[in-house]
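FYI, in the numbering used here the residues of the sequence shown are 791 to 915.
We treat Cβ as the ideally placed atom computed from N, Cα and C, and that holds for glycine.
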Amino acid sequence: MALLNTFRSLPPARRRMWVFGTLAILGGIGIVVWFVLAASIGKPLWGDLAYDVKDARTVIVKYQLTRPTDRTVVCLVEAKEVNHGTVGRVEDVIPPGPQARVVRTVAVRTTSEAVIGQVRTCRAQ
């Protein structure tokens with residue numbers, strides 16, 4: 791109540807400034823939320839679960855994918871060597887299906903021994 795009385799005691803020009811400033815801040819927050827939602831809805835999300843360097847020429851990568859069920863998703867899975875250079879890559883194509891969340895295991899052939907395997911990116915087509 792005291793805050794409302796303080797607001798009412800302000801000159802009209804200052805009250806308008808506070809109202810306009812508050813509305814501008816709320817509008818800006820709304821725009822940011824809209825952009826974040828627009829950029830993420832319908833896009834695949836992935837997370838690496840594990841990798842296993844089987845031998846000098848093969849890495850097994852396991853990852854989880856949350857995807858739109860009505861579109862094909864292609865994930866680029868890479869194997870990297872100790873200096874972070876890519877020594878192998880494969881595109882994992884996931885056809886449309888009923889499950890939004892799937893776990894995938896992919897073998898990546900390498901040109902030399904890798905130290906890590908990971909998903910670089912996924913895209914819906």
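Asked                                                                                                                                                                                 : Found
If I'm right that valine 843 touches valine 851 with Cβ under 8 Å, what's the distance once you round it to whole angstroms?                                                          : With a Cβ gap of about 10 Å, valine 843 and valine 851 do not count as contacting.
Compute the beta-carbon to beta-carbon distance between cysteine 912 and valine 864, rounded to the nearest angstrom, for a pair I have assumed lies under 8 Å.                       : 7 Å
Would you report the Cα separation of arginine 804 and valine 823, rounded to the nearest angstrom?                                                                                   : 29 Å
Leaving aside the five residues before and after threonine 859 along the sequence, list all residues of the same chain whose C-beta is less than 8 Å from its C-beta, in chain order. : Pro886, Gly887, Pro888, Gln889, Ala890
I'd like the list of long-range same chain contacts for tryptophan 836, defined as Cβ closer than 7 Å, with 5 residues on each side in sequence excluded.                             : Tyr853, Gln854, Leu855, Cys865, Val909, Cys912
Using DSSP with H/G/I as helix, E/B as strand and the rest coil, what is arginine 913?                                                                                                : strand
Can you check whether the CB of valine 892 is closer than 8 Å to the CB of lysine 870?                                                                                                : no
Let's test the definition: count the other Cβ atoms within 10 Å of the Cβ of valine 872 and tell me whether it reaches 16, buried, or not, exposed.                                   : exposed
Between arginine 879 and valine 867, is the Cβ-Cβ spacing less than 8 Å?                                                                                                              : yes
By how many angstroms is the C-alpha of glycine 875 removed from the C-alpha of leucine 827?                                                                                          : 34 Å
Give the straight-line distance between the Cα atoms of aspartate 882 and alanine 829, rounded to the nearest whole angstrom.                                                         : 23 Å
For arginine 857 versus isoleucine 831, is the C-beta distance shorter than 8 Å?                                                                                                      : no
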